[in-house]
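A.B. asks: Protein chains in written order, with my numbering: chain A, 1 to 115; chain B, 1 to 113.
1. Is any beta-carbon of chain B found at less than 7 Å from that of residue 100/A?
2. Quick check: what's the CA-CA separation for residue 76/B versus residue 5/B?
3. Out of curiosity, what's the CA-to-CA distance linking residue 58/A and residue 16/B?
4. What's the gap between the Cα of residue 24/B and the Cα of residue 25/A?
5. Identify every residue that forms a DSSP beta bridge with residue 22/A.
6. Indicate the three-state DSSP secondary structure (helix, strand or coil) for residue 14/A in the structure shown.
7. Does the Cβ of residue 18/B have 16 or more other Cβ atoms within 10 Å, making it buried, or fewer, making it exposed?
8. Which residue or residues does DSSP assign as beta-bridge partners of residue 39/A?
9. Going by C-alpha to C-alpha distance, which of 22/B, 91/B, 32/B sits closest to residue 42/A?
10. Rounded to the nearest angstrom, what separates residue 47/A and residue 78/A at their Cα positions?
11. List the whole-angstrom C-beta distance separating residue 6/A from residue 106/A, where the pair is believed to meet the contact cut-off of C-beta under 8 Å.
12. For the segment 18-43 of chain B, which residues have a CB atom closer than 9 Å to at least one CB atom of chain E, in sequence order?
13. For the segment 10-21 of chain A against the segment 60-69 of chain B, are there 3 or more C-beta pairs whose distance is under 8 Å?
14. Taking the straight line between their C-alpha atoms, what separation do you get for residue 83/B and residue 108/A?
15. Report yes if the C-beta distance between residue 74/A and residue 44/A is below 7 Å; otherwise report no.
16. If residue 92/A and residue 103/A are in contact, beta carbons under 8 Å, what's the gap, nearest whole angstrom?
17. For residue 70/A, does the three-state DSSP call read helix, strand or coil?
18. For the segment 45-69 of chain A, list every residue whose C-beta sits within 8 Å of some C-beta in chain B, in sequence order.
19. Which one of 94/B, 10/B, 85/B has the shortest CA to CA distance from residue 51/B?
20. Hey, is residue 8/A's beta-carbon within less than 7 Å of any beta-carbon in chain B?
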């Protein structure tokens, strides 16, 4: 069975500081991995995805993530935080061999950006 | 830009009442998903359609929840009777085909009193 663990339910950074949101996955087969962002009372927006191509994935709004199979990790980073980055972030896994595309989400990490 | 539409955006109901949510996916998207997101948690898949057929409803509480996509386009999710524990955000998503990127609607926030 697949699962996702996001370490830290709340992360607080200063504006301009590095953002690091942690995600570890469990999967017995090669996974597809995703990061989504959710603003209050809105749906989810895809930031980036890993589908077995390059291990360093670049997404929208300056975010990127690196797939590390040996560490079963897919951490999300951004060099310099903006106030507009404050939101809820979800890591998700989908089994590549599955034909359904079902996503399994982590519990989420709330990012606070302080001025 | 095409978007997934959901209505209503907010719904308040009393327990034991019936509620229904509607979703209109992006035009041409064959796959439609309903997720439930309890406050402070990640979304959890309730049901998935491919055209008008159910692909996965293993997490749908079938004693009170039902979902349909009769013409393979828009979809309705119903709860009858609603319970206090059903208070959550109900998200609809669609994708062009299975295993394609999912696009999410704004969600319906349900409060059961």
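The beta carbon of each residue, even a glycine, is placed where N, CA and C say it ideally should be.
C.D. replies: The structure says:
1. yes
2. 12 Å
3. 47 Å
4. 32 Å
5. 7/A
6. strand
7. exposed
8. Partner(s): none; residue 39/A has no beta bridge.
9. 91/B
10. 12 Å
11. 4 Å
12. Judged by its chain identifiers, the structure shown contains no chain E, and its protein chains are A and B.
13. no
14. 25 Å
15. no
16. 4 Å
17. helix
18. 45, 46, 49
19. 94/B
20. no
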